[in-house]
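Here is the structure we will look at.
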Ligand code: CP
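In this note's numbering, the protein residues as written are 384 to 688.
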C-alpha cells in the first residue's frame, strides 16, 4: 500500500486542501514544467470519461511525463475475466502512478491496498470523486474569494452523484450551509446527512427547485441524473427531467452566485444559461487540469510551488 494514494476526499485534512489550492494556483500561472521526466502514469478507465481522463492526461503531458492505459475496459483483459487485483498488479510493474475510474464503490481503495504505486481515484461508482471535489473547491475559492460560510445549493441526483458526496465531505471544513434539492427518489442518502449532523453543518432539504432557494445561494451545483446507476430504466425515465435550470430563474440571484456542474450535462442546464456571466461550468472543468497537476505532484512527492 502506498500512503500517498488519494482515494477519498476524507484522506485530505483542511491543510492538505489549502496546500493543493496553493499548488493549483501556481500551476495555473505556469502549467508547463518538466517535473515528471522519466515517470509514467497509467490511466485505467473502466467507466467512460471525457474531462477527468483527458485533463489527467493533459496534466501528465504538461509536466513532461508519459501515459499508458485504456479508456474502455472492453479493450483490456478484464473483458476476458481478469480480476482487478491481477490488472493492478500487472500495471504496477510498469508505472509510477495509477489513475483509475471504476464502477464499483471501493475499487480505488482496494487497488491502493494491493500496490505500492500511488493510486488516484478518478471516480468509484456512486461513492467518491476526490479530484473533482478539489477542482470544485478550487472553483469555489476562485469565484467567491473565500471558502468560509458559503451557501451551496446542490440540485438533482443527490443519491447517486459521487461528486455531491465528495463535495459535502470536502467543504465540511469551512462552515458551509447546504441546500439539497432532489426528488424523493434521488434524495441524499442518510449517511451524508448523518455526517452533516455530526459536524454541526446546517442543511435544508427541498423537493421544489424554486427561485427562493436559488436567491439565497452563493454556489448552485447542478448535477445530471446518473442513468448508469439505475437498475430499472423506467425509474430513470420518471426523474430524468425533474429539474432544469433556465436563465430567467437567475434574474434575482446574488451577484456572486456561480453555477457549477461537474459535467457532462444532459438537459439539467438549459443552453440559454451558457451566456450568463454566472455560468462557470466550462471554466470549472478547465480548473481541473491545474488541480490535477497539483495532485499528481503531491502523490508523487514532487515539490511544486
Ligand atoms: N466530471 C467528470 O467526471 O466528467 P467525466 O465523466 O467526463 O470525466
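All C-beta atoms in this analysis are idealised placements derived from N, C-alpha and C, irrespective of residue type, glycine included.
Worksheet item: Is the region 389–397 close to the region 507–526, with three or more CB pairs under 8 Å?
Response: yes
Worksheet item: Enumerated in chain order, which unbroken segments of the alpha helix (DSSP H) with a length of 4 residues or greater are wholly contained in the region 556–591?
Response: 573–581
Practice prompt. Taking only heavy atoms of ligand 1 into account, decide whether any of them is closer than 7 Å to the Cβ of residue 609.
Written response: Walking along the chain shown from the start, residue 609 turns up at place 226. False, no ligand heavy atom lies under 7 Å from that Cβ.
Worksheet entry | N- and C-terminal bounds of the beta strand (DSSP E) containing residue 512 | On the chain shown, residue 512 is found 129 positions in, with the first residue counted as 1. Premise fails: residue 512 is in no beta strand (DSSP E) and is neither H nor E.
Item to complete: Measure the alpha-carbon distance for residue 685 versus residue 426 and round it to whole angstroms.
Response: For the purposes of this step, residue 685 is taken as the residue at position 302 of the chain shown. For the purposes of this step, residue 426 is taken as the residue at position 43 of the chain shown. The alpha-carbon atoms of residue 685 and residue 426 are separated by roughly 19 Å.
Worksheet item: Can you find at least 3 beta carbon pairs, one from the region 406–418 and one from the region 463–478, that sit closer than 8 Å?
Response: no
Practice prompt. On the DSSP bridge assignment, give the partners of residue 484 in chain order.
Written response: Numbered from 1 along the chain shown, position 101 holds the residue referred to as residue 484. Answer is 428, bridged to residue 484.
Fill in: DSSP three-state assignment for residue 623, whether helix, strand or coil
Here residue 623 corresponds to residue number 240 of the chain shown, with the count starting at 1. DSSP places residue 623 in coil when its eight states are reduced to three.
Item to complete: Report the rounded CA-to-CA distance for residue 537 versus residue 450, giving the unit in angstroms.
Response: Your numbering for residue 537 matches position 154 in the chain shown. Your numbering for residue 450 matches position 67 in the chain shown. The C-alpha of residue 537 lies about 34 Å from the C-alpha of residue 450.
Discussion item. From the DSSP secondary-structure annotation, give me the bridge partner or partners of residue 642.
Written reply: Taking the first residue of the chain shown as position 1, residue 642 is located at position 259. Looking at the DSSP output, residue 642 sits in a beta bridge with 603 and 662.
Item to complete: Count the other CB atoms, across all protein chains shown, that sit within 10 Å of the CB of residue 472; report buried if there are 16 or more and exposed otherwise.
Response: Within the chain shown, residue 472 is the residue found at index 89, counting from 1. Flag for residue 472 reads exposed.
Practice prompt. Over the uninterrupted beta strand (DSSP E) stretch that includes residue 632, give me the two end residues.
Written response: Taking the first residue of the chain shown as 1, we reach residue 632 at position 249. Where residue 632 is concerned, there is no enclosing beta strand (DSSP E), given that its DSSP letter is neither H nor E.
Worksheet item: Per the contact definition of three or more C-beta pairs closer than 8 Å, is the region 513–527 in contact with the region 454–467?
Response: no
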